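A.B. asks:
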Amino acid sequence: MNDFPYLPHTQKDIEEMFSFLGIKDIDELYRDIPALFKGELNIPSGLSEIEVKERLTDLAQLNKNMEEYGIFRGAGIYNHYIPSVIYPLASNRNFLTAYTPYQAEVSQGTLQILYEYQTQICNLTAMEVSNSSMYDGASALAEAILMAKRINGKNRVLMSKTVHPEYQEVSKTYVKVQGMDIEQIDYLSETGQLDLADLTSKITEETSCVVVSYPNFFGVIEDLKVIREKVPSEVVFIVVTYPISLGLLEAPGKFCADIVVGEGQSLGNTPSFGGPGLGIFASKKKYIRKMPGRIIGETVDQDGKRGFCMVLQTREQHIRREKSTSNICSNHAFNALVASLYLNVMGKQGIKEVSLQNYHKAHYLAKKLVETEKFKPVFDGPFFNEFVLESKIDPELLNEKLLEQHYFGPLILKNFYKEMGNKVLFCATELTKKRDIDFLCSFLEGLS
Amino acid sequence: MKLIFEKSVSGRKSYSLPKLDVKESQIDIPEHLVRNEAPILPELYEVDIVRHYNQLATLNHSVDRGFYPLGSCTMKYNPFLNEEVASLNGFKFIHPYQEESTVQGALELMYELQEFLKEITGMANVTLQPAAGAHGELTGMLIIKKYLQENNLGHKNEVIIPDSAHGTNPASAVMAGFEVVKVNSNNEGRVDLDHLKSLVNENTAAIMLTNPNTLGFFEKDILKISDLMHKNDALLYYDGANLNAIMGKVRPGDNGFDVVHLNLHKTFSTPHGMGGPGSGPIAVKSYLKEYLPKPVVGMKESGEYYFDYDISKSVGKMRSFYGNFLVLVKAYTYILSLGKEGLKKVSELATLNANYLKEKLSKFLNVAYPDVCKHEFVIKGTSLKDYGVSTLDFAKRLLDYGIHPPTVYFPLIVDEAMMIEPTETESKETLDEVAAIYEKIVEEARREPDKLKEAPLTLPIKRLDEVKANKELNVKFD
Chain A
1 MNDFPYLPHT QKDIEEMFSF LGIKDIDELY RDIPALFKGE LNIPSGLSEI
51 EVKERLTDLA QLNKNMEEYG IFRGAGIYNH YIPSVIYPLA SNRNFLTAYT
101 PYQAEVSQGT LQILYEYQTQ ICNLTAMEVS NSSMYDGASA LAEAILMAKR
151 INGKNRVLMS KTVHPEYQEV SKTYVKVQGM DIEQIDYLSE TGQLDLADLT
201 SKITEETSCV VVSYPNFFGV IEDLKVIREK VPSEVVFIVV TYPISLGLLE
251 APGKFCADIV VGEGQSLGNT PSFGGPGLGI FASKKKYIRK MPGRIIGETV
301 DQDGKRGFCM VLQTREQHIR REKSTSNICS NHAFNALVAS LYLNVMGKQG
351 IKEVSLQNYH KAHYLAKKLV ETEKFKPVFD GPFFNEFVLE SKIDPELLNE
401 KLLEQHYFGP LILKNFYKEM GNKVLFCATE LTKKRDIDFL CSFLEGLS
Chain B
1001 MKLIFEKSVS GRKSYSLPKL DVKESQIDIP EHLVRNEAPI LPELYEVDIV
1051 RHYNQLATLN HSVDRGFYPL GSCTMKYNPF LNEEVASLNG FKFIHPYQEE
1101 STVQGALELM YELQEFLKEI TGMANVTLQP AAGAHGELTG MLIIKKYLQE
1151 NNLGHKNEVI IPDSAHGTNP ASAVMAGFEV VKVNSNNEGR VDLDHLKSLV
1201 NENTAAIMLT NPNTLGFFEK DILKISDLMH KNDALLYYDG ANLNAIMGKV
1251 RPGDNGFDVV HLNLHKTFST PHGMGGPGSG PIAVKSYLKE YLPKPVVGMK
1301 ESGEYYFDYD ISKSVGKMRS FYGNFLVLVK AYTYILSLGK EGLKKVSELA
1351 TLNANYLKEK LSKFLNVAYP DVCKHEFVIK GTSLKDYGVS TLDFAKRLLD
1401 YGIHPPTVYF PLIVDEAMMI EPTETESKET LDEVAAIYEK IVEEARREPD
1451 KLKEAPLTLP IKRLDEVKAN KELNVKFD
């Protein structure tokens, strides 16, 4: 009788194996351990499938989720529609239960998917090369900054204050021990865009890279053309992007970005409390040997038939060890698969249409909210699907009241930017319905 | 097989969006910032996509398809239950910036998982933030760096790493600002204690150990190593890639380790997803608690759970938000399913399976080191060289028999290495069959070596030209 799920051994098997090995007791295989743990782990005994499922269902039900609540919050993780075909295909166990394609001949599924993903990311961002995924947008940015140092050997980073605050924190954690420091570039209080004069005055001989977000954390679209003109060519220009916006916005590669990173959650991946996400990482081809992460390339087999394999592994940790371009081993290949599927389903037209819908919904929402006179616009720079408003209602109270009505309200900005007072960040996506916007506005009429 | 781009037909589509239900606004973006050429993405009908991916899936080997004994990767069976519960709306569709009162279930799960991992490792505190094992290593090494700096030990800049270690160890140590010093393995496949003693000095910051190590052996001198390091104000870092062999049997915390990382996708059977997402929580001794990345999950006296950002000497944040939450759900589910007795049984059977297969293979292949192993072991493929066959050829021939080759050419210190990890989820019959196949291929190597050199012979793809792939780089379709 087998007492444990997932363990196939019968008592007879175990006895036969013991006898083959000439042992009487399992601890004979642990005889070299000087300090065996004699006690019992203080965790519960195993539960049946029914009990486990009940426990997990109970925990899940304690969470309010955005399938049952409306949401006007984004700030890095977005509620976008996920076409029905994606997860049933992605969850194929021949994808899910495979590992890193160390043996290319039995991993052509994985390899071709990742090669197609790399192509899609290049096309979306107008960059020449992409790796096959990083952990998330924040760690991808941190790695991009380390890559900039590998490119020009310099130590000073100029980062727009309107890059996602968590990305700024993660970057700081990564680069400090490498002797690099990060200086912030201010934004203009009128437009919410990067202060070009501040940027220009801070660029020095020691500047390694300039980091801007497009759109930025306030939802405002930066003018990459004019920023690029201010960044000297030897300084690495890093753009943090939000891929859904690139159906409408000109690709960062067209403005001579050196490295483009971003969070790919919005491409078909569920919000999942913020993880796992997908770190997008693309660059100019001339920097490919300095790039972190796994890269897939095309080749041929002995018969000349097309196939794929991992390339440039000599940059990676398992060969170069302490001299590698980064320590990345497991990446987020499954999330790259989902993103690739999403881009296939949306296709050339769909990505444009979804991007436009986001734009129009957000602009409608902004207009309606201002009309309630409970909010004032803050920035006049162009925005995509998020925008900052100054609330006349206390933001905490606003969100508390909205929660009672089954809505997650806007993000309260002072939690990230002290100077922001009563300013809040609203978001709308293609899933934001007119009836929700109308309800929100009429509900606000009664609040003070 | 055709690329998805080659299947694209202009004008086809498989998406549908509702008609815009709000009034269109004027696009007030400067013209040069508006995209005038749509990105080149495939244009397909839904069934084109469905067939494309179903065909691709047949080209992959996976745990669900057959034996997958990649050493050090722990390719054990992944329960369906884990996937089902991780796909509940209450887990999938929650936003990281929701009010804490609305995500109490998620926080409770994370809190309990922290407690479980503390208990399994014998450590005092846990963070679930790192996204993968190597990310955990970096986090752990940054904690060690900061701890040393804060305690006037900032001159300690050398990290000792065995020659058998995973490549991520030296890479992570360097990313955290340390220099790497290599310690040799002895003829038993364990850290050479005398060599180690000669390396430890006032600049030694830490030693990174995988235990059991990548050769499959427990570092039986661990208590001596731990004494030696601690006497020199140096710390012990535990690479948890091989924890699968020792759950409930021995705890790194009890052996003197100061920082431990875990690979949830390995030991706790959340699937590897073709290379990720994984999850690499780290556990520390209590004196390092204040250095953990922000936030960790705490519980108030009222029983309410919250994100604790009050971590005075925190190394900072390692990634956005709180970690790979859905992976955490699967690991938590796995631990609940097996419980304390089950987890111990997992390790015992993983070790039993490895020793059983090792003994079977040792009849016709050279085992690199003879000792009792834990959940994996290394074969030295040099005897095949007599027939003009390499470990790579042997590996490629295994593909023809529908089983995945072991990890090859690692660890680096064994010539023609094959590192085999059967895991506990394989039955005795499978191990017997696998041993028979290995024996058959050794026989083939002797009689018809060309068969191995040309392998694989039966797959849709023959052996790939990896040199060409690197020389004539083609990393995107034009």
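Those protein sequences? They're chains A and B, same order as listed.
Read in order, the letters of the first sequence are residues 1 to 448 in our numbering.
Read in order, the letters of the second sequence are residues 1001 to 1478 in our numbering.
Ideal placement from N, C-alpha and C gives every residue a C-beta, glycine not left out.
Treat the numbers as computed from the prediction; the structure is a model and nothing was measured.
Which stretch, first to last residue, makes up the alpha helix (DSSP H) that contains B:Ser1226?
C.D. replies: Taking the first residue of the second sequence as position 1, residue 1226 of chain B is located at position 226. Unbroken alpha helix (DSSP H) run through B:Ser1226: Ile1222 to Lys1231.
A.B. asks: Following the continuous beta strand (DSSP E) through B:Glu1158, name the residue where it begins and the one where it ends.
C.D. replies: By one-based count along the second sequence, residue 1158 of chain B stands at place 158. First-last of the beta strand (DSSP E) with B:Glu1158: Glu1158 to Pro1162.
A.B. asks: So with Cβ pairs under 8 Å, would you call B:Ser1390 a contact of chain A?
C.D. replies: Within the second sequence, the letter at position 390 stands for residue 1390 of chain B. Output row for B:Ser1390: interface = no.
A.B. asks: How many whole angstroms separate the CB atoms of A:Leu158 and A:Leu199, which I take to be in contact at a CB cut-off of 8 Å?
C.D. replies: Against the first sequence, residue 158 of chain A aligns to sequence position 158. Against the first sequence, residue 199 of chain A aligns to sequence position 199. Yes, they are in contact, since the Cβ atoms of A:Leu158 and A:Leu199 sit about 7 Å apart, within 8 Å.
A.B. asks: Can you pull the chain B neighbours of A:Tyr364, defined as C-beta to C-beta under 7 Å?
C.D. replies: Here residue 364 of chain A refers to the residue found at position 364 when the first sequence is read from its first residue. What A:Tyr364 touches in chain B: Val1022, Lys1023 and Ser1025.
A.B. asks: So the alpha helix (DSSP H) A:Pro395 belongs to, where does it begin and stop?
C.D. replies: Position 395 of the first sequence, counting from 1, holds the residue named residue 395 of chain A. That run of the alpha helix (DSSP H) goes Pro395 to Glu404.
A.B. asks: Interface residues of chain A around B:Thr1168 at Cβ under 7 Å?
C.D. replies: Here the question's residue 1168 of chain B lines up with position 168 in the second sequence. Within chain A, the residues near B:Thr1168 are Gln317, Asn327 and Cys329.
A.B. asks: For the alpha helix (DSSP H) containing A:Ser133, list its first residue and its last residue.
C.D. replies: For the purposes of this step, residue 133 of chain A is taken as the residue at position 133 of the first sequence. Segment: none, A:Ser133 is in no alpha helix (DSSP H) and carries neither H nor E.
A.B. asks: Compute the Euclidean distance between the alpha carbons of B:Tyr1306 and B:Glu1100, then round it to the nearest angstrom.
C.D. replies: Along the second sequence, read from residue 1 onward, the residue named residue 1306 of chain B stands at position 306. Along the second sequence, read from residue 1 onward, the residue named residue 1100 of chain B stands at position 100. If I take the Cα positions, the gap works out to 6 Å.
A.B. asks: Suppose you measure from the CA of A:Lys392 to the CA of A:Leu447; what does that come to, to the nearest Å?
C.D. replies: Here residue 392 of chain A refers to the residue found at position 392 when the first sequence is read from its first residue. Here residue 447 of chain A refers to the residue found at position 447 when the first sequence is read from its first residue. Each residue's Cα considered, the two are about 10 Å apart.
A.B. asks: Run down chain B in chain order and give the residues with a C-beta less than 7 Å from the C-beta of A:His332.
C.D. replies: Position 332 of the first sequence holds residue 332 of chain A. Per Cβ cutoff of 7 Å: Gly1276 and Pro1277.
A.B. asks: Start and end of the alpha helix (DSSP H) containing A:Glu353?
C.D. replies: The sequence position of residue 353 of chain A within the first sequence is 353, counting from 1. Where A:Glu353 is concerned, the enclosing alpha helix (DSSP H) stretches over Ala333 to Glu371.
A.B. asks: What residue range does the alpha helix (DSSP H) around B:Val1475 cover?
C.D. replies: Along the second sequence, one-based indexing puts residue 1475 of chain B at 475. It is not in any alpha helix (DSSP H) - B:Val1475 carries neither H nor E in the DSSP assignment.
A.B. asks: Between the C-alpha atoms of B:Leu1473 and A:Ile259, what's the straight-line distance to the nearest angstrom?
C.D. replies: Position 473 of the second sequence, counted from the first residue, corresponds to residue 1473 of chain B. Position 259 of the first sequence, counted from the first residue, corresponds to residue 259 of chain A. Distance between the alpha carbons of B:Leu1473 and A:Ile259: 19 Å.
A.B. asks: Identify the continuous alpha helix (DSSP H) that holds B:Lys1447 and give its terminal residues.
C.D. replies: Reading the second sequence from its first residue, position 447 is the one you call residue 1447 of chain B. One detail in the question is off: residue 1447 of chain B reads as Arg in this sequence, not Lys. Element bounds for B:Arg1447: Lys1428 to Arg1447.
A.B. asks: Mind listing the chain B neighbours of A:His360? Cutoff is C-beta to C-beta under 7 Å, in chain order.
C.D. replies: For the purposes of this step, residue 360 of chain A is taken as the residue at position 360 of the first sequence. Going along chain B in sequence order, the residues near A:His360 (Cβ under 7 Å) are Leu1020, Val1022, Glu1024 and Ser1025.
A.B. asks: For the putative contact between B:Gly1154 and A:Ser330, defined by C-beta atoms under 8 Å, what is the C-beta separation to the nearest angstrom?
C.D. replies: Start at 1 with the first residue of the second sequence, and residue 1154 of chain B comes out as number 154. Start at 1 with the first residue of the first sequence, and residue 330 of chain A comes out as number 330. With 8 Å as the limit, B:Gly1154 and A:Ser330 do not qualify as a contact, their Cβ atoms being about 31 Å apart.
A.B. asks: Would you say A:Glu54 faces chain C, with C-beta separation under 8 Å as the test?
C.D. replies: Structure shown: chain C not included; protein chains present are A and B.
A.B. asks: Please confirm whether B:Gln1114 has its beta-carbon closer than 8 Å to some beta-carbon of chain A.
C.D. replies: Numbered from 1 along the second sequence, position 114 holds the residue referred to as residue 1114 of chain B. No, no contact with chain A.
A.B. asks: Report buried or exposed for B:Thr1423, applying the criterion of at least 16 other Cβ atoms within 10 angstroms of its Cβ.
C.D. replies: Translated into the one-based positions of the second sequence, residue 1423 of chain B becomes position 423. B:Thr1423 is buried by the Cβ-count criterion.
A.B. asks: With B:Leu1056 and A:Gly109 assumed to form a contact (beta carbons below 8 Å), what rounded beta-carbon distance in angstroms separates them?
C.D. replies: Indexing the second sequence from 1 puts residue 1056 of chain B at position 56. Indexing the first sequence from 1 puts residue 109 of chain A at position 109. Contact holds; Cβ gap of about 4 Å.
A.B. asks: Kindly indicate if chain A contains any beta-carbon less than 8 Å away from that of B:Gly1482.
C.D. replies: In the structure displayed, chain B extends from 1001 to 1478; residue 1482 of chain B sits before or after that span and is not available.
A.B. asks: What residues from chain B crowd round A:Cys122, counting only those whose CB sits closer than 8 Å?
C.D. replies: Residue mapping note: residue 122 of chain A aligns to position 122 of the first sequence, counting from 1. Per Cβ cutoff of 8 Å: Lys1476.
A.B. asks: Can you give me the Cβ contacts of B:Ala1368 inside the same chain, cut-off strictly under 6 Å, excluding the 5 residues immediately before and after it?
C.D. replies: Sequence index remark: in the second sequence, residue 1368 of chain B carries index 368 (1-based). Closer than 6 Å at Cβ, skipping near neighbours: Val1378, Lys1380 and Val1414.
A.B. asks: What do you reckon, are the CB atoms on B:His1375 and B:Asn1244 nearer than 8 Å?
C.D. replies: Within the second sequence, the letter at position 375 stands for residue 1375 of chain B. Within the second sequence, the letter at position 244 stands for residue 1244 of chain B. Yes, these two residues count as a Cβ contact at 8 Å.
A.B. asks: Cβ atoms of B:Cys1073 and B:Glu1416: under 8 Å apart, would you say?
C.D. replies: Counting from one through the second sequence, the residue named residue 1416 of chain B turns up at place 416. Counting from one through the second sequence, the residue named residue 1073 of chain B turns up at place 73. Cβ atoms of B:Glu1416 and B:Cys1073: not closer than 8 Å.
A.B. asks: How about B:Phe1325 and A:Phe375: are their beta carbons less than 8 Å apart?
C.D. replies: Locating residue 1325 of chain B in the second sequence gives position 325, counting from the first residue. Locating residue 375 of chain A in the first sequence gives position 375, counting from the first residue. In this structure, A:Phe375 does not lie closer than 8 Å to B:Phe1325 by Cβ.
A.B. asks: Is the Cβ of A:Leu413 closer than 8 Å to any Cβ of chain B?
C.D. replies: For the purposes of this step, residue 413 of chain A is taken as residue 413 along the first sequence, with counting starting at 1. By this cut-off, A:Leu413 is not an interface position.
A.B. asks: Would you verify that the beta carbon of B:Ser1286 is, or is not, closer than 8 Å to some beta carbon of chain A?
C.D. replies: Residue numbering aside, residue 1286 of chain B sits at position 286 when the second sequence is read from its first letter. It does not; no Cβ of chain A falls within 8 Å.
A.B. asks: Let me check one thing: in DSSP terms, what residues is A:Leu249 bridge-paired to?
C.D. replies: As a first step, residue 249 of chain A is located in the first sequence; it is residue number 249 there, counting from the start. According to DSSP, A:Leu249 bridges with B:Val1034.
A.B. asks: Note down, in chain order, every chain B residue with its Cβ under 7 Å from the Cβ of A:Arg93.
C.D. replies: As a first step, residue 93 of chain A is located in the first sequence; it is residue number 93 there, counting from the start. Simply Ser1062 and Asp1064.
A.B. asks: Any idea which residues DSSP pairs B:Thr1407 with across the strands?
C.D. replies: Sequence index remark: in the second sequence, residue 1407 of chain B carries index 407 (1-based). Looking at the DSSP assignment, B:Thr1407 forms a beta bridge with B:Met1419.
A.B. asks: Is A:Gln108 close to chain B? Criterion is C-beta to C-beta, closer than 8 Å.
C.D. replies: Working through the first sequence from its first residue, we reach residue 108 of chain A at position 108. For A:Gln108, the answer is yes, since a Cβ of chain B falls inside 8 Å of its Cβ.
A.B. asks: List, in chain order, every chain A residue whose beta-carbon is nearer than 8 Å to that of B:Asp1465.
C.D. replies: To locate residue 1465 of chain B, count along the second sequence from 1; it is residue 465. Under the 8 Å cutoff, chain A gives Thr299, Val300, Asp301 and Gln302.
A.B. asks: Bridge partners of B:His1261, per DSSP?
C.D. replies: Taking the second sequence and counting its residues from 1, the one referred to as residue 1261 of chain B is at position 261. DSSP, once it has assigned bridges, lists B:Asp1239 and B:Ile1282 as partnering B:His1261.
A.B. asks: Does any residue of chain A bring its CB to less than 8 Å from the CB of B:Ile1222?
C.D. replies: For the purposes of this step, residue 1222 of chain B is identified with residue 222 of the second sequence, where counting begins at 1. With 8 Å as the cut-off, B:Ile1222 counts as an interface residue toward chain A.
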